[in-house]
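Visitor:
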Amino acid sequence: MKTKAAVLWGLHEKWQVEEVELDGPKENEVLVKLTASGLCHSDEHLVTGDIPMPFPMVGGHEGAGIVVEVGSEVKHVAEGDSVVLSFLPACGRCSYCARGMQNLCDLGATILDGMLPDGTYRFHENGEDLGGMCMLGTFSEYSTISENSAIKVDPDLPLDKVVLIGCGVPTGFGSAVHAAATEPGDTIAIYGIGGIGINSVQGAALAGARNVVAIDPLANKREAAEQLGATHSCATAEEAQELITQLTRGVGADKAIVTVGVVTSEVVTNAFNAIRKGGTVVVTGLADPTKNTIELPGAILTLFEKRIQGSLFGSGDPFADIPRMVELYQSGDLKLDELITSTYTLDEVNQGYQDLLDGKNIRGVILYDS
Ligand SMILES: [Zn+2]
Ligand SMILES: [Zn+2]
Numbered sequence: 000m001k002t003k004a005a006v007l008w009g010l011h012e013k014w015q016v017e018e019v020e021l022d023g024p025k026e027n028e029v030l031v032k033l034t035a036s037g038l039c040h041s042d043e044h045l046v047t048g049d050i051p052m053p054f055p056m057v058g059g060h061e062g063a064g065i066v067v068e069v070g071s072e073v074k075h076v077a078e079g080d081s082v083v084l085s086f087l088p089a090c091g092r093c094s095y096c097a098r099g100m101q102n103l104c105d106l107g108a109t110i111l112d113g114m115l116p117d118g119t120y121r122f123h124e125n126g127e128d129l130g131g132m133c134m135l136g137t138f139s140e141y142s143t144i145s146e147n148s149a150i151k152v153d154p155d156l157p158l159d160k161v162v163l164i165g166c167g168v169p170t171g172f173g174s175a176v177h178a179a180a181t182e183p184g185d186t187i188a189i190y191g192i193g194g195i196g197i198n199s200v201q202g203a204a205l206a207g208a209r210n211v212v213a214i215d216p217l218a219n220k221r222e223a224a225e226q227l228g229a230t231h232s233c234a235t236a237e238e239a240q241e242l243i244t245q246l247t248r249g250v251g252a253d254k255a256i257v258t259v260g261v262v263t264s265e266v267v268t269n270a271f272n273a274i275r276k277g278g279t280v281v282v283t284g285l286a287d288p289t290k291n292t293i294e295l296p297g298a299i300l301t302l303f304e305k306r307i308q309g310s311l312f313g314s315g316d317p318f319a320d321i322p323r324m325v326e327l328y329q330s331g332d333l334k335l336d337e338l339i340t341s342t343y344t345l346d347e348v349n350q351g352y353q354d355l356l357d358g359k360n361i362r363g364v365i366l367y368d369s
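Final position of the sequence shown in numbering that gives the first Met the number 0 is 369; the numbers increase by one with none missing.
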C-alpha cells in the first residue's frame, strides 16, 4: 500500500513529506493507522547527528492509533484495537526482560537501524529501503510494526492525548519514579523542562517529593512546571544551587534529573554539585555518542558516594508502565492535555520542529485525518 510519510534523507536536511510504499504485516506484526504522533526532541537528534542513524529514515517514535490489520501469530492485539506505540519493544523472554529490565530488551538492538525484528524493512521508495525511527516511523499515516511495540489501551481513550505515553511521559515520569526512585519527602532537581522534564516533575510530585525544583531558562516552561507539580522553579543552575542549599539546610538535593535536549558536561556538573552525599544524578537526555560528554571530579564521586545513573524509557517496562500511566491519566492524577501546546498536520512537521527549537512547545503533536 501507499502511505504519506515524513522522511529524512540526510544530516541537516528538512523532513520531506512524500508518498512511500508500505508492506503489510508479516508474522507477529500489525498495521496501524496512526491517529497522532508526538514531536519528540530525539527526532531532531537524527537531523543533527546526535543520534546516529542510517538514512533514509521515516521519523517519529511517539504514536497512537488503531490496528487495521494483523499478521500471522499475533496474540496480544486484534484488528480495531486502540494502541499506544512504545518506542522500545519488549519481548518478555530475553535475559533482560526476564530479569525485569524490559527497557533494555534485546529487541531494542536494532531500533537505531529502523528495521523490524526480523531484520527487514517495511517502508520503501523507488526500490530503496527506508527505516522507521525506533522500529515505528510514526511520522506516517500508516505504519507496520512489531506487536512487541504495540500496547493495547481502552477504546474510549483520546488517542491524540495518550499518544504522549509512547515516549515523553514514561521517559520523564519513570526517570523520577524508577531511575531516581523518588521517595516521600525528597528534594528533586530537574534540569530542562521539555516534553521529558515536565513529566519528571509530575512523577516526582506524585511520588511524594517535598521539593520539586524545575530549572529552565524559559519562563513559559517554568510556568508549566509550577502548574504541574513543581514547588519551585529557577532560570539558572546557579539560582537552583542557592535555592536547594537553602531548602535542604546545606545538605543538597536527594536526586537530580537531567532531561535537557542535548546533555553537556556543564549541566551534569551542575546536577552533581546540587546533590547530597549518596545522592543520584539521573541522566535521561542524549548527546553525541561518539564524544566524551561528561567530566566530573572522581574524588567527590568516591568520597561522597554520589551516583550517576543513565536512564532509558524511564527505566521502566512499556507493558506495565504505559497501562499504569493511562490509568493515572484517567483518574486525573497525570496531566496530558495540558502538555500539548500545539498541533500540526504531517505537512507542517518542519514547522513543528522549528517551534520546538524556538522553545515554544512543551509538546507538539501531529494529528492525522481520522
Ligand atoms: Zn522520544
Ligand atoms: Zn526482551
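The beta-carbon is built from N, C-alpha and C at its ideal position, and this holds for glycine as well. In this text, all values refer to a predicted model and were calculated from it rather than measured experimentally.
Entirely within the stretch 112-191 and at least 4 residues each: give me those alpha helix (DSSP H) ranges in chain order.
Guide: Within the stretch 112-191, the complete alpha helix (DSSP H) runs of at least 4 residues are 158-161, 167-173.
Visitor: Does the distance from the C-beta atom of residue 29 to that of residue 70 stay below 8 angstroms?
Guide: Working through the sequence shown from its first residue, we reach residue 29 at position 30. Working through the sequence shown from its first residue, we reach residue 70 at position 71. Contact flag set, yes.
Visitor: On the premise that residue 102 lies in contact with residue 378, defined as a C-beta separation below 8 angstroms, what is that separation, rounded to the nearest angstrom?
Guide: Any answer about residue 378 is impossible in this case: the structure gives the chain only from 0 up to 369.
Visitor: Just verifying my parser: in three-state terms, what is the DSSP assignment at residue 20?
Guide: Indexing the sequence shown from 1 puts residue 20 at position 21. Here residue 20 sits in strand by DSSP.
Visitor: Could you pull the start and end residues of the beta strand (DSSP E) that residue 210 belongs to?
Guide: Residue 210 sits at position 211 when you count from the first residue of the sequence shown. Segment 210-214, the beta strand (DSSP E) holding residue 210.
Visitor: Are the beta-carbon atoms of residue 191 and residue 260 separated by less than 8 angstroms?
Guide: Working through the sequence shown from its first residue, we reach residue 191 at position 192. Working through the sequence shown from its first residue, we reach residue 260 at position 261. A contact, by the Cβ cut-off of 8 angstroms.
Visitor: Would you list the residues whose beta-carbon is nearer than 5 angstroms to any heavy atom of ligand 1, in the order they occur in the chain?
Guide: Counting every residue whose Cβ lies closer than 5 angstroms to a heavy atom of ligand 1, we get 39, 41, 166.
Visitor: Could you name the residues that DSSP lists as bridge partners for residue 31?
Guide: If you number the sequence shown from 1, residue 31 lands on position 32. Partner(s): 66, 142.
Visitor: Label residue 210 either buried or exposed according to how many other C-beta atoms from any shown protein chain fall within 10 Å of its C-beta, with 16 as the threshold for buried.
Guide: Against the sequence shown, residue 210 aligns to sequence position 211. Buried.
Visitor: Compare the beta carbon distance of residue 138 and residue 5 with 8 angstroms and say whether it is the shorter of the two.
Guide: Here residue 138 refers to the residue found at position 139 when the sequence shown is read from its first residue. Here residue 5 refers to the residue found at position 6 when the sequence shown is read from its first residue. Yes.
Visitor: Excluding the five sequence neighbours on either side, which residues of its own chain have a C-beta within less than 6 angstroms of the C-beta of residue 0, listed in chain order?
Guide: Here residue 0 refers to the residue found at position 1 of the sequence shown. Cβ within range, chain order: 21.
Visitor: Could you round the C-beta distance between residue 150 and residue 66 to whole angstroms and report it? I think they count as a contact, below 8 angstroms.
Guide: For this step, residue 150 is matched to residue 151 along the sequence shown. For this step, residue 66 is matched to residue 67 along the sequence shown. At roughly 11 angstroms, the Cβ-Cβ gap does not stay under 8 angstroms, so residue 150 and residue 66 are not in contact.
Visitor: So the alpha helix (DSSP H) residue 354 belongs to, where does it begin and stop?
Guide: The sequence position of residue 354 within the sequence shown is 355, counting from 1. That run of the alpha helix (DSSP H) goes 348-356.
Visitor: Check this for me: beta carbons of residue 257 and residue 178, under 8 angstroms apart or not?
Guide: One-based indexing of the sequence shown puts residue 257 at position 258. One-based indexing of the sequence shown puts residue 178 at position 179. Result no, Cβ atoms of residue 257 and residue 178 do not sit closer than 8 angstroms.
Visitor: Count the other CB atoms within 10 Å of the CB of residue 125; is the residue buried (16 or more) or exposed (fewer)?
Guide: Position 126 of the sequence shown, counted from the first residue, corresponds to residue 125. Exposed, by the Cβ-count rule.
Visitor: Pick helix, strand or coil for residue 233, following the three-state DSSP scheme.
Guide: Within the sequence shown, residue 233 is the residue found at index 234, counting from 1. Strand.
Visitor: Cβ of residue 365 within 8 angstroms of Cβ of residue 351?
Guide: In the sequence shown, the residue the question calls residue 365 occupies position 366. In the sequence shown, the residue the question calls residue 351 occupies position 352. Result yes, Cβ atoms of residue 365 and residue 351 sit closer than 8 angstroms.
Visitor: Relative to ligand 2, is the shortest distance from any of its heavy atoms to the C-beta of residue 95 smaller than 7 angstroms?
Guide: Sequence index remark: in the sequence shown, residue 95 carries index 96 (1-based). Correct: residue 95 has its Cβ closer than 7 angstroms to ligand 2.
Visitor: Using only CA atoms, which one of 143, 225, 204, 272 lies nearest to residue 117?
Guide: In the sequence shown, residue 117 corresponds to position 118, counting from 1. Considering only alpha carbons, the answer is 143.
Visitor: Give the straight-line distance between the Cα atoms of residue 53 and residue 109, rounded to the nearest whole angstrom.
Guide: On the sequence shown, position 54 is the one that residue 53 refers to. On the sequence shown, position 110 is the one that residue 109 refers to. Those two C-alpha atoms are separated by around 11 angstroms.
Visitor: Please state the DSSP three-state secondary structure of residue 261.
Guide: On the sequence shown, residue 261 is found 262 positions in, with the first residue counted as 1. Note: residue 261 maps to strand in three-state DSSP.
Visitor: Which residues bound the alpha helix (DSSP H) around residue 297?
Guide: For the purposes of this step, residue 297 is taken as residue 298 along the sequence shown, with counting starting at 1. Where residue 297 is concerned, the enclosing alpha helix (DSSP H) stretches over 297-302.
Visitor: Can you grab the Cα-Cα spacing for the pair residue 96 / residue 147, in whole Å?
Guide: For the purposes of this step, residue 96 is identified with residue 97 of the sequence shown, where counting begins at 1. For the purposes of this step, residue 147 is identified with residue 148 of the sequence shown, where counting begins at 1. Roughly 12 angstroms between the two C-alpha positions.
Visitor: Residues in the same chain with beta-carbon distance under 6 angstroms from residue 48, minus the five sequence neighbours each way, listed in chain order, please.
Guide: As a working mapping, residue 48 is identified with position 49 in the sequence shown. Excluding positions up to five away in sequence, the list reads 10.
Visitor: In the DSSP assignment, find the unbroken alpha helix (DSSP H) run with residue 282 in it and report its ends.
Guide: As a first step, residue 282 must be located in the sequence shown, where it is residue number 283. Here residue 282 belongs to no alpha helix (DSSP H); instead the beta strand (DSSP E) covers 274-282.
Visitor: What I want to know is whether the C-beta of residue 117 ends up closer than 7 angstroms to one or more non-hydrogen atoms of ligand 2.
Guide: Walking along the sequence shown from the start, residue 117 turns up at place 118. Checking the Cβ of residue 117 against ligand 2 gives no.
Visitor: With 16 as the cutoff for other CB atoms within 10 Å, does residue 300 come out buried or exposed?
Guide: Within the sequence shown, residue 300 is the residue found at index 301, counting from 1. Burial call: exposed.
Visitor: Would you say residue 91 touches ligand 2, meaning its beta carbon is less than 7 angstroms from a heavy atom?
Guide: As a position in the sequence shown, residue 91 is number 92, starting the count at 1. It does: the Cβ of residue 91 is within 7 angstroms (strictly closer) of some heavy atom of ligand 2.
Visitor: Measuring straight from C-alpha to C-alpha, what distance separates residue 115 and residue 145?
Guide: As a first step, residue 115 must be located in the sequence shown, where it is residue number 116. As a first step, residue 145 must be located in the sequence shown, where it is residue number 146. Roughly 7 angstroms between the two C-alpha positions.
Visitor: Give me the Cβ distance between residue 212 and residue 239, rounded to the nearest whole Å; I'm assuming they're in contact under 8 angstroms.
Guide: Position 213 of the sequence shown holds residue 212. Position 240 of the sequence shown holds residue 239. Right, the Cβ-Cβ distance comes to about 6 angstroms (below 8 angstroms), so this counts as a contact.
Visitor: So, are the CB atoms of residue 84 and residue 62 less than 8 angstroms apart?
Guide: Sequence index remark: in the sequence shown, residue 84 carries index 85 (1-based). Sequence index remark: in the sequence shown, residue 62 carries index 63 (1-based). In this structure, residue 62 lies closer than 8 angstroms to residue 84 by Cβ.
Visitor: Ligand 2 and residue 311: does the residue's C-beta get closer than 7 angstroms to at least one heavy atom of that ligand?
Guide: In the sequence shown, counting from the first residue as 1, residue 311 sits at position 312. Outside the cutoff, so no.
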